[in-house]
Structure formats: C-alpha cells, structure tokens
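Here is the structure we will look at, set down as structure tokens.
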Amino acid sequence: MNTPADQDPARLAGLEANYHCPNREAVERHILANRDRLTRARNAPNIAARLRHDIDLLLDRWLYLHVTATAE
33 MNTPADQDPA
43 RLAGLEANYH
53 CPNREAVERH
63 ILANRDRLTR
73 ARNAPNIAAR
83 LRHDIDLLLD
93 RWLYLHVTAT
103 AE
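According to my numbering, the sequence shown is numbered sequentially starting from 33.
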C-alpha cells in the first residue's frame, strides 16, 4: 500500500478516481462522497471493494495531514 509520503502532497491517487486533497476538509468531502457511492454499489462487489480501498487511502491521507498540521 502506498503511503501519503510517497505521493504528491496535494493529490491522492485511488483506484476508482484521483482525489485532489490539499487539506483535511477536502479529504472529508471525498470520504463522504465515496460513502454515499458505496451505499449505492451494494450489488457491485468489485466497485464496492475499490471504493472501500479508496476510502482507506483517503483516511491515510487525512491522518497524514492531521499529523503534519499538529506537528507545526
């Protein structure tokens, strides 16, 4: 799995889409949007798995942004 430090700090690449995540608020919007899409993808297990993976990546990105913001 990629870590946020291995990627461009302003972008998070996911399986389902590329997410522009310069701050925690943007990451939270992407997580909420993917959760909504996940509820509609119940009958499509492949898409649901990719969305869950993207949510995991977004949560990693959120944590990275949170840690770097609190370290300053």
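Positions of the beta carbon are idealized from the N, C-alpha and C atoms, including for glycine.
These numbers come from a predicted model, not from an experiment.
Could you please give the first and the last residue of the uninterrupted alpha helix (DSSP H) stretch that includes residue i?
i	result
N55	No alpha helix (DSSP H) contains N55, which DSSP labels as neither H nor E.
R84	P77 to A103
For residue i, which option in the options has the closest C-alpha, if you only look at C-alpha atoms?
i	options	result
E83	R61, D92 and R67	Here the sequence assigns Leu to residue 83, which means Glu is not the residue at that position. The option with the nearest alpha carbon to L83 is R67.
E60	E104, D92, A103 and T102	D92
Buried or exposed for residue i, please, with buried defined as at least 16 other CB atoms from any protein chain shown within 10 angstroms of its CB.
i	result
R74	exposed
H52	exposed
R88	Sequence check: residue 88 is Asp here, not Arg. Counting Cβ neighbours within 10 Å, D88 comes out exposed, since fewer than 16 surround it.
Are the beta-carbon atoms of residue i and residue j separated by less than 9 Å?
i	j	result
R69	W94	no
L97	I63	no
A58	D86	no
Hey, would you say the C-beta of residue i is under 8 Å away from at least one heavy atom of the ligand SAH?
i	result
H52	Ligands displayed in this structure: none; no statement on the ligand SAH is therefore possible.
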